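Here's the structure we're looking at; comments come further down.
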Amino acid sequence: MTAIVKMQSISKFYRKVPAIQNIVFDLRKGEIHALLGENGAGKSTLTKVMAGVVTASEGKMFYHGKEVSYASPHEALQAGIAMVFQETSLVPSMTVAQNLYLGSESFLNRLRGTYISAQQFLQSLNFGVDPRALVATLGAASRQMVEIARAVHHNAEVIIFDEPTATLTPEEKRHFFALLRRLKENGVSIIFISHALEEALEISDRITILRDGELVVTADTDQFDREKIVSAMVGRTLSEELYSQHKDASIRKPGKKVLSVHDISMGSAVRNNSFSVFNGQVTGVFGLIGSGRTETFKIVSGIYKRDFMRGGTIELEDRTVRYLTPTEAVGDGIVYVTEDRKGEGIFETMTIGENLFGGLLASGRNKGWIVRMKQIRDLAAQWTDQLNIKTINKNAEVVELSGGNQQKVVIGKGLTQNPRIIIFDEPTRGVDVGAIAEIHQLINDLADKGIAVVVISSYLPEIMNLSDRILVCRQGRIVEEFSPAEATDEKVMYASVH
Amino acid sequence: MILDPIIDLFRGQTITIPPLDGAFRANNDLEDALIFCDLDRVDNLGIWKNQTIASSSDTLYTFSKTGKAKELQKYPAEIIAIAVSASDDLVIALDNGQLLINDRKAKLPASTSCITAVSFAPDGTLWLANGSASNPASAWVVDLMEKNASGSVWKKPPEAESFSKVADGLAYPNGLLAENDSVVVSESWRHRLIKIDASSGKVSNLLLHIPGYPAKLSPTGDGCAWLSVFAPRNRLIELVLRETHYRYDMMSSVPRQFWIAPALSSDNSFLEPLQCGGMKLMGVHKAWAPSRSHGMVVRLDASMMPTGSFHSRANGNKHGTCSAIEHDGRLLVAAKGGNCILALPVSKTGESQ
């Protein structure tokens, strides 16, 4: 088969940090090509380069033998490369049919005609979606179907699916796979990104595995089995140097049980989840995206509400708690350091001191009615020194800081709240290598002081390096616990996908 | 929230089981342990005249160093509890309600007919746990299904002639660890360890939410303790315990061995309620899943906090661990459901790390 897309030595750097490096990739006509790797391996970046969402820093891309470089997704779509994103890009206030024809409308449109052709088109794909329904009223799976239909409608020759099955039910998955096979028969080339290894083994013709932004292997699917894929996904190169200190570190013994979670449930995201957290230990929580880790700990810290009926029990040192707001949890010493620092963690246009003071205010530990600027400046001075926040001046706005230093501000905000339990959700996501080591040291110091520390991460080396016990989350519940002595990358990964 | 206790009445309670994590994290240590001796329905362990003794039904056995069992004495009823004083006085509690001190019947209060545990304090005070006011010890499963909390704890100082009640209203006290001025009690149906003050009778919680039914307690050489847990908690049983009418229907119409209730072992009958731990997922036996029977011995520190545990999991057969003692650098565990005594090195702490 001939290659329809060829990528030669493609690299993409963000602030000089490589997201992908020297990737050689080819996509053949009429094949389904699975792209696998851990979170942060570079799968999305590679496909985004292909679909014109980002431009490559280095390397060349050939489409039908011609060198191309797309400045926007629209350009790529015009050429025949469509990408179906994990988060759908539909307009919620428009109908399904309007979304399908968005961007390709005629000068004069007849709504009835649009609906009829949309109905015929959706039926041809075997998608049971009402073309007149507002997208806002659709469930996640139906939205995904509309997104897929839109890509097919544009007669794309290459369609990239980023985690297409994450929101689909088993029945819908069957339909989806049948559609992929039909598209393949029609000569469409498909890139399929998924965490579900069985799906990749079932549907794909070839598999490419990326790790730490580099290509590990590309081969025919029949040369792989689950173990080979997992081993290729988690084998370490660069990260071993960064995360190797754990081997010499001693494991902390558990202190008093401080948090006891019994059978908490929240819709289908968290299902009868039970676990305990102990003082003076780092409890690592590993799981793939969508496994319910973040949701579980957001319930614990009062951000999300568990099911009203039969939602389970949370006990903080033998006291049953049910928080309506995060403030109540912070008042009890439960601090959640968010994974989404820009959206939930910081006020970008406020100074470091103002952000830290915000944390103090939320904890109710600030006495008095008058806000004194000196107190804010002192707070900034104290925590910039303590957390080694690198900034041109201590009154700098957070937006001026690098990702790593912004993350330190978010952590500082949490620490001003005097936590008993501190939950770090992806503490080093989007953080440079130097800052990672500092944040890890900080986490270890907190546990050494006797604080109960929870680290949620989808990056295995981080979990293996930091944790005194490792909990593995899958499908909304903790399914396995490992001690660091017995945990291996393969075992933890196996537990998280089985 | 202040209104939560009221709203909870309408919210519907989740049936929650404490997870087997942290110090309770499951392993295969009991399953992999050496078998010291095979003995049918072995129950209580003790050290008498520097020899290991164990009860099996109505017979008391002693053992050679290599684990060969020798019959010591037969009794008129099943032996329920054993205690040995510092001066080697042997106390035996029988299922017929009798208490024998060096083979002589002790005078007991009228309401003690279900002696589940006996223990000597260092000052010679004999402590006694009466599991239930209405059922004999052999009918423990009936007592659980009736959801009784009629147990009591008694003591008899060396100079006293009779026992005096220290606490009552307990949900099946099943293990004792006596000190001079207090006693640690394992309360099986409330899944907790409590401390009862000898003089005031004041009860304080030591360890709550044990993920099983705690039984006998015994001291370690370094001031800590071993706790035997004879069966795991399981969601199905917890559900049955909430459903009063169903429970009484089951008790009246189903043979006792097939009740949805904790058991000391699986009898492998197809009539037996589902062994949840026997489930296989994707071809992998989920042995950690709670089942109707299990083996667990927990090491407790000086403050009665768990530090580690030994397990025989759902797919094992060293279940129904009723008693454990330390002797000669070994931990001996009586697995009543597994019909054997297991030996583990004391240096093994059961800690997961």
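Taken in order, these protein sequences are the chains called A and B.
The first sequence begins at 3 in our numbering and counts up one residue at a time.
The second sequence begins at 170 in our numbering and counts up one residue at a time.
Glycine is no exception: its CB is placed at the ideal position from the N, C-alpha and C atoms.
Only a predicted model underlies this, so the values are computations on that prediction, with no experimental measurement involved.
Could you check whether the Cβ of Phe226 (chain A) sits closer than 7 angstroms to any Cβ belonging to chain B? With 7 angstroms as the cut-off, Phe226 (chain A) does not count as an interface residue toward chain B.
Show which residues of chain A have a CB atom less than 7 angstroms away from the CB atom of Leu377 (chain B). Chain order gives the chain A residues near Leu377 (chain B) as Asp320, where near means a beta carbon separation below 7 angstroms.
For Gly191 (chain B), name the three-state secondary structure that DSSP assigns. DSSP places Gly191 (chain B) within a helical segment (H, G or I) once states are collapsed to three.
Contact residues within the segment 149 to 160 of chain A, judged by C-beta distance below 8 angstroms to chain B: For the segment 149 to 160 of chain A, which is checked against every Cβ of chain B, not one residue is closer than 8 angstroms.
Determine the chain B residues that contact Pro256 (chain A) at a beta-carbon separation under 7 angstroms, and present them in chain order. In chain order: Gly191 and Ala192.
Under a three-way DSSP split, which group does Trp428 (chain B) fall into? Per DSSP, reduced to three states, the secondary structure at Trp428 (chain B) is coil, with no helix or strand assignment.
Go to His66 (chain A), then tell me how far its alpha helix (DSSP H) extends in each direction, as first and last residue. Where His66 (chain A) is concerned, there is no enclosing alpha helix (DSSP H), given that its DSSP letter is neither H nor E.
Could you spell out where the alpha helix (DSSP H) holding His414 (chain B) opens and where it closes? Following the DSSP letters along the chain, one finds His414 (chain B) inside the alpha helix (DSSP H) bounded by residues Thr413 to Ser422.
Does any CB atom of chain A fall closer than 7 angstroms to the CB of Pro188 (chain B)? Pro188 (chain B) belongs to the set of residues whose beta carbon lies under 7 angstroms from a beta carbon in chain A.
Going along the chain, which residues of its own chain have a beta-carbon closer than 7 angstroms to the beta-carbon of Arg343 (chain A), five neighbours each way excluded? Apart from sequence neighbours up to five positions away, the residues of its chain that approach Arg343 (chain A) with a beta-carbon distance below 7 angstroms are Gln408, Gln409 and Val412, ordered along the chain.
Give, in chain order, every residue of the segment 191 to 211 of chain A whose Cβ lies closer than 7 angstroms to some Cβ of chain B. If the cut-off is 7 angstroms between Cβ atoms, the segment 191 to 211 of chain A has nothing near chain B.
Have a look at Ser373 (chain B) and Ala367 (chain B) and give me their C-alpha separation to the nearest angstrom. Roughly 12 angstroms between the two C-alpha positions.
Quick check on Glu243 (chain A) - is its C-beta less than 7 angstroms from some C-beta in chain B? Confidence at Glu243 (chain A) is low in this model, with a pLDDT of 49, below 50, so its placement is unreliable and no value can be given for it.
Asp250 (chain A) to Ile510 (chain B), Cα distance in whole Å? The predicted position of Asp250 (chain A) is uncertain, since its pLDDT is 49 and thus under 50; a value taken from the coordinates is nonetheless stated next. Rounded to whole angstroms, Asp250 (chain A) and Ile510 (chain B) show a C-alpha spacing of 39 angstroms.
Can we say the segment 335 to 349 of chain B touches the segment 286 to 293 of chain B, given the rule of at least three CB pairs closer than 8 angstroms? Judged by Cβ distances under 8 angstroms, the segment 335 to 349 of chain B makes contact with the segment 286 to 293 of chain B, as three or more pairs qualify.
Nearest CA to the CA of Ile424 (chain A): which residue from A:Asn395, A:Gly333 and A:Ala489? Looking only at A:Asn395, A:Gly333 and A:Ala489, the smallest Cα-Cα distance to Ile424 (chain A) is reached by A:Gly333.
Report the rounded CA-to-CA distance for Asp387 (chain A) versus Ile354 (chain A), giving the unit in angstroms. Each residue's Cα considered, the two are about 12 angstroms apart.
Is it the case that the Cβ atoms of Ala158 (chain A) and Ala78 (chain A) are separated by a distance below 7 angstroms? If you check the CB distance, Ala158 (chain A) and Ala78 (chain A) do not come in under 7 angstroms.
With a Cβ-Cβ cutoff of 7 angstroms, do Gly191 (chain B) and Pro256 (chain A) count as a contact? For the pair Gly191 (chain B) and Pro256 (chain A), the CB atoms are nearer than the 7 angstroms cut-off.
Is the beta carbon of Phe178 (chain A) closer than 7 angstroms to that of Ile34 (chain A)? With a cutoff of 7 angstroms on beta-carbon distance, Ile34 (chain A) and Phe178 (chain A) are scored as not near each other.
CB contact flag (Lys1 (chain A), Gly361 (chain A), <7 angstroms): Because residue 1 (chain A) is not part of the residues shown, which for chain A are 3 to 500, the question remains open.
For Ala5 (chain A) and Leu37 (chain A), the rounded distance between their alpha carbons: So the two alpha carbons sit approximately 16 angstroms from each other.
Do you know how far the Cα of Ala497 (chain A) is from the Cα of Arg273 (chain B)? Taking the straight line from one Cα to the other gives about 58 angstroms.
For Asp250 (chain A), decide whether its Cβ has a neighbour in chain B, counting only Cβ atoms nearer than 7 angstroms. Interpretation of Asp250 (chain A) is limited by its pLDDT of 49, a score under 50 that renders its predicted location unreliable; the figure taken from the coordinates is listed afterwards. For Asp250 (chain A), the closest Cβ of chain B is not nearer than 7 angstroms.
Could one say the Cβ of Asp28 (chain A) lies closer than 7 angstroms to chain B's Cβ atoms, at least one of them? By the rule that beta-carbons nearer than 7 angstroms mark a contact, Asp28 (chain A) does not touch chain B.
Which of helix, strand or coil does DSSP assign to Glu317 (chain A)? Three-state result, Glu317 (chain A): strand.
Using the C-alpha atoms, what's the distance from Ser357 (chain B) back to Leu375 (chain B)? Rounded to the nearest angstrom, the two C-alpha atoms are 14 angstroms apart.
Just checking: is the beta-carbon of Phe299 (chain A) within a distance shorter than 7 angstroms of some beta-carbon in chain B? With 7 angstroms as the cut-off, Phe299 (chain A) does not count as an interface residue toward chain B.
Min CB distance Glu483 (chain A) to chain B below 7 angstroms: Glu483 (chain A) belongs to the set of residues whose beta carbon lies under 7 angstroms from a beta carbon in chain B.
Beta-carbon within less than 8 angstroms of Arg479 (chain A)'s beta-carbon, same chain only, minus the 5 sequence neighbours each way: which residues are those? Within the same chain, and ignoring the five residues on either side of Arg479 (chain A) in sequence, the residues whose Cβ sits closer than 8 angstroms to its Cβ are Val272, Arg273, Asn274, Asn275, Ser276 and Gly294.
For Leu208 (chain B) and Ser225 (chain B), what's the separation of their Cα atoms in angstroms? The alpha-carbon of Leu208 (chain B) is positioned some 7 angstroms away from that of Ser225 (chain B).
Please classify Ala458 (chain B): is it buried, with 16 or more other beta-carbons within 10 angstroms of its beta-carbon, or exposed? With a pLDDT of 49 at Ala458 (chain B), under the threshold of 50, the modelled position of this residue cannot be trusted; read the value that follows with caution. Ala458 (chain B) is buried by the Cβ-count criterion.
In this structure, does DSSP put Met465 (chain B) in helix, strand or coil? Met465 (chain B): strand per DSSP, three-state reduction.
Could you run through the segment 458 to 483 of chain B and flag, in chain order, every residue whose CB is less than 8 angstroms away from some CB of chain A? Per Cβ criterion, the list reads Met474 and Thr476.
Could you tell me whether the segment 130 to 144 of chain A touches the segment 97 to 112 of chain A, using the rule of 3 or more Cβ pairs below 8 angstroms? Touching, per the Cβ criterion.
Leaving out five residues on either side along the sequence, give the residues of the same chain with a beta carbon under 6 angstroms from the beta carbon of Gln220 (chain B). Apart from sequence neighbours up to five positions away, the residues of its chain that approach Gln220 (chain B) with a beta-carbon distance below 6 angstroms are Thr231, ordered along the chain.
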